[in-house]
Structure formats: structure tokens, C-alpha cells
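Going down the list, the sequences are from chains A and B. Counting with the working numbering, you get residues 916 to 1062 for the letters of the first sequence. Counting with the working numbering, you get residues 916 to 1062 for the letters of the second sequence. Glycine is no exception: its CB is placed at the ideal position from the N, C-alpha and C atoms. Note that this is a predicted model, so its numbers are computed, not measured.
Protein chains: 2
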Amino acid sequence: MIKKPSTAIVEAWVALNRAQQAALLKIERAFRDAGLPPLSWYDVLWELEKTDKESLRPIEIERRVLITQSNISRLIDKLETRGYVKRQACPDDGRGQYIMITTAGRDIRKRMWPVYAGAISDAVGQHLSEKEATELATLLSRLNNGS
Amino acid sequence: MIKKPSTAIVEAWVALNRAQQAALLKIERAFRDAGLPPLSWYDVLWELEKTDKESLRPIEIERRVLITQSNISRLIDKLETRGYVKRQACPDDGRGQYIMITTAGRDIRKRMWPVYAGAISDAVGQHLSEKEATELATLLSRLNNGS
DNA sequence: TGGAAATATATGCATACGCATCTAAATGTC
DNA sequence: GACATTTAGATGCGTATGCATATATTTCCA
């Protein structure tokens, strides 16, 4: 049984799509223009940095950052090549591995942040008041948390 | 001078990014599972169909759907190959061309709509009331309309 | 305990993307 | 009117993406 969305829902989706695409384009360009890696690198490094544990398994990263499994695998390859993360075999699970951020990884993430922050301000911050931003985040979290 | 975004702004951006990515993934999978073309095809066909004029120039489409120029060019190639649009030389501008949707193009867009509608309901509609959807669309339009 | 199903990760493949650049035509300037 | 600049659109190129599948390992259950 296919449910038809109301006009308001469709408009919300279209606006959501446009807003994200436009913002993402600006942000990725900002990184590129600054000679920095793309946003996905930041996202993964940040997850590794902010977690309580001292390492994450690829599958944990996958769930947190909403990147598909094959791309997480390849992204970790690249991060490892650049020395931003280290892989370590998982003693209790022979299939798995632990991913740890390195000092170089922390450094590059820190260097990326001002550029990211500026781009977020540009693409999002300038257009919304504090209250509106909070409202927007609240509404969007409804979409993200399911239900 | 780089302005730092507030926590609320950053959270809004992160939620925006996640919500759109998750929804888009669902929508693209719905099209694929139904053996239909991707969303970008729908977007372009819909712009051609809903406009008052009987044709649009590639550059006009580009501005409306937020796809980069090179991808618009290639997308039109594919649409033309499938017989969904026709290209026609521009009499008053030798560089340009007019893109017109064909009957087959209208047909495929109509066939795509129920699938799209269902996926929008799934990804967005189910999580928001009418009023919330309207609020969300309003907030997001602030991002899209600049200012 | 042994075999089936599920899970974690890697990889081949086709496609899509963005950027840089190219060509041709239009516009602006002296 | 001639030349520089800008604009519309196409295309080469490297890279990123998602899907399907492969492989190894673990878990589940008769």
C-alpha cells in the first residue's frame, strides 16, 4: 500500500534536498580550495576522535557516518595510506579489525575544522537565527531518529 | 574573516546532511528496485514538464535543478538517447539549444512519480506532521533563497 | 559437534561526479 | 569594424560511488 505524501511533505523533501546539495557543494569546494581532503575524511576522523573508546571497528564507523560499507572500507585504506589511521587485528573477532586515529590524523582534522566551520557559517549559519537553527535541527532529528 | 558557527548551526547542518543522505539513498534505491531511472532524470523531466515555456535551455535547467553544467550536458545526452527529450538548435543564439520533453518523457516521469511518492512518504512523510513539514520547508527555504 | 546461516570486510565493475579545458558564438570596447 | 572578454555547451580525465559478490570467520541450532 503506497501512501501518497502531502504537498507539504513533498515541499519539505525538495527543500531538504536542495539545501543539503547546495551546502555540501560549498563545503567540499572549500576543502578542495584549501588543499584539504574531502568531508568524508573529516567525518570518519571525527568519529574516531570523539568516541570514548580508543578505536572503532569499521562497521561501527559505517553506522555512525552513513557511508556504505564498501566505501568505508576504501576510505579507511586511504586514511591508512596517508597515515591518519592505523588498522589493528581484532583479537576476539578474526573477521574484524580495530581502527585507531593517529596523531597525524588528529592534526589534519584540526586543520580541516576552521575551513569546515567557515563553510558551514557561509552555507547555513548566515541564513538562520539561533532559534531557527535549533528548530531546524529538532525537526531534522525526527527524520534521523526514525519513528 | 572566518566566522565560527554556533553549536546550534553546526547541529543543524549535521542533521541536514544526515537526513538528506538517508532519504536520498532510500529514494534512489526505490527507483532502482522498480527498474526506473535515477532521481536526476526525474528532476530534469519535471522541470521541462512544469515550465510554462515549451522548452528550456540547458543553462536554465542547470540553475533550476542544481546539477553542474557538465553533468547536465551528459544527462541530456542520456535523456535524448532514451527518447525522453529532443534537442533543437537555438535560432537566436548559435551557441545554445532548446530542450523539449517528448511524450515518452512525460510517460516515464508519470511512471516514476508513484515510486518517488512512496519513497518520500517513507523517508520523510512518516516522521512529520503536516505542520512540522510546513515549518521544515519554510526553514529550509531560507537556506535556498539566499539572504 | 557439525553444517547452515549470518556477519565483517574486501574487491571487481559499471556508472556518476566535479573540475579543467576546449570550441564556438555572442557581447563589449576602443 | 577588429579584437578582447564573456558565455553556452561538450568532453577528457581522475576519482568516488553503489551494488554485487567473494572470502573468512563467527554464531546458531539440530
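Next item on the list: Taking 8 Å as the threshold, find out whether the stretch 919-938 of chain B comes into contact with the stretch 961-974 of chain A through three or more Cβ pairs.
Entry: no
Margin query: Are the CB atoms of I982 (chain A) and W928 (chain B) within a distance shorter than 7 Å?
Written below: Here residue 928 (chain B) corresponds to residue number 13 of the second sequence, with the count starting at 1. Here residue 982 (chain A) corresponds to residue number 67 of the first sequence, with the count starting at 1. The answer is no: Cβ separation not under 7 Å.
Margin query: Which residues in chain B have a C-beta closer than 8 Å to the C-beta of Q936 (chain A)? List them in chain order.
Written below: The residue given as residue 936 (chain A) occupies position 21 in the first sequence. Here the neighbours are Q935, L981.
Item checked: When B:V925, B:D948, B:R978 are compared against A937 (chain A), the one with the closest alpha-carbon -> To locate residue 937 (chain A), count along the first sequence from 1; it is residue 22. The shortest C-alpha separation from A937 (chain A) is found at B:R978.
Next item on the list: Sort B:P973, B:S955, B:S1044 by Cα distance to Q984 (chain B) and report the nearest one.
Entry: The residue labelled residue 984 (chain B) in the question sits at position 69 within the second sequence. Per the Cα distances, B:P973.
Check: Could you give the residue range of the beta strand (DSSP E) that holds Q1003 (chain B)?
Finding: Counting from one through the second sequence, the residue named residue 1003 (chain B) turns up at place 88. It spans 1000-1004 - the beta strand (DSSP E) in which Q1003 (chain B) sits, taken as one unbroken run.
Item checked: Beta bridge counterpart(s) of Q1012 (chain B) as assigned by DSSP -> Numbered from its first residue, the second sequence carries residue 1012 (chain B) at position 97. B:A1004, per the DSSP bridge assignment.
Notebook entry, point to check: Taking the alpha helix (DSSP H) that L951 (chain A) falls in, what are its first and last residues?
Noted result: Taking the first sequence and counting its residues from 1, one reaches residue 951 (chain A) at position 36. No alpha helix (DSSP H) contains L951 (chain A), which DSSP labels as neither H nor E.
Next item on the list: List the whole-angstrom C-beta distance separating E962 (chain A) from L954 (chain A), where the pair is believed to meet the contact cut-off of C-beta under 8 Å.
Entry: For this step, residue 962 (chain A) is matched to residue 47 along the first sequence. For this step, residue 954 (chain A) is matched to residue 39 along the first sequence. Their Cβ separation, rounded to whole angstroms, is 13 Å, which puts E962 (chain A) and L954 (chain A) out of contact at 8 Å.
Checklist line | Residue from A:F946, A:E926, A:N1060, A:I987 whose Cα sits closest to the Cα of Q1012 (chain A) | finding: By 1-based counting over the first sequence, the position of residue 1012 (chain A) is 97. Looking at the Cα atoms, A:I987 is the closest of the given residues.
Checklist line | Span of the alpha helix (DSSP H), counted from its first residue to its last, around S921 (chain B) | finding: Within the second sequence, the letter at position 6 stands for residue 921 (chain B). Neither: S921 (chain B) is in no alpha helix (DSSP H) and is coded neither H nor E.
Next item on the list: Taking L960 (chain A) as the reference, give the member of A:K1001, A:D1008, A:N1059, A:S1044 with the closest Cα.
Entry: Stepping through the first sequence from its first residue, residue 960 (chain A) is reached at position 45. It is A:K1001.
Next item on the list: Keeping to the same chain, check which residues put their C-beta closer than 7 Å to that of V1039 (chain A); ignore five residues upstream and five downstream.
Entry: Taking the first residue of the first sequence as position 1, residue 1039 (chain A) is located at position 124. A938, listed in sequence order.
Notebook entry, point to check: How many Å lie between C1005 (chain B) and N1060 (chain B) at the Cα?
Noted result: As a working note, residue 1005 (chain B) is residue 90 in the second sequence. As a working note, residue 1060 (chain B) is residue 145 in the second sequence. Rounded to the nearest angstrom, the two C-alpha atoms are 30 Å apart.
Notebook entry, point to check: Is there a Cβ from chain A that is less than 7 Å from the Cβ of N1059 (chain B)?
Noted result: Position 144 of the second sequence, counted from the start, is the residue given in the question as residue 1059 (chain B). Yes, N1059 (chain B) counts as interfacial toward chain A.
Item checked: Min CB distance T966 (chain B) to chain A below 7 Å -> Locating residue 966 (chain B) in the second sequence gives position 51, counting from the first residue. Cβ-Cβ to chain A under 7 Å: no for T966 (chain B).
Checklist line | Neighbour list for G950 (chain B) in chain A, Cβ cutoff strictly below 9 Å | finding: If you number the second sequence from 1, residue 950 (chain B) lands on position 35. Under the 9 Å cutoff, chain A gives no residues; its nearest Cβ is about 16 Å from G950 (chain B).
Next item on the list: Return helix, strand or coil for L971 (chain B), following the three-state DSSP convention.
Entry: Here residue 971 (chain B) refers to the residue found at position 56 of the second sequence. Three-state result, L971 (chain B): strand.
Check: Where does the unbroken alpha helix (DSSP H) through S1056 (chain B) begin, and where does it stop?
Finding: As a first step, residue 1056 (chain B) is located in the second sequence; it is residue number 141 there, counting from the start. Counting along the chain, the alpha helix (DSSP H) containing S1056 (chain B) begins and ends at 1045-1059.
Checklist line | Bounding residues of the alpha helix (DSSP H) (the contiguous stretch that carries I987 (chain B)) | finding: Working through the second sequence from its first residue, we reach residue 987 (chain B) at position 72. Element bounds for I987 (chain B): 984-996.
Item checked: Closer than 8 Å at the beta carbon, the chain A residues around S921 (chain B) -> Taking the second sequence and counting its residues from 1, the one referred to as residue 921 (chain B) is at position 6. Here the neighbours are G1040, E1045, A1048.
Next item on the list: Can you grab the Cα-Cα spacing for the pair L994 (chain B) / I1016 (chain A), in whole Å?
Entry: For this step, residue 994 (chain B) is matched to residue 79 along the second sequence. For this step, residue 1016 (chain A) is matched to residue 101 along the first sequence. Answer to the nearest angstrom: the Cα atoms are 45 Å apart.
Margin query: Quick check: the Cα distance between A1019 (chain B) and R989 (chain B), rounded to an integer number of angstroms?
Written below: Translated into the one-based positions of the second sequence, residue 1019 (chain B) becomes position 104. Translated into the one-based positions of the second sequence, residue 989 (chain B) becomes position 74. Looking at the two C-alpha atoms, the distance is approximately 19 Å.
Note to self: Looking at the secondary structure, which residues open and close the alpha helix (DSSP H) in which T1018 (chain B) lies?
What the structure shows: Stepping through the second sequence from its first residue, residue 1018 (chain B) is reached at position 103. Taken as a continuous stretch (DSSP letters only), the alpha helix (DSSP H) holding T1018 (chain B) covers 1018-1038.
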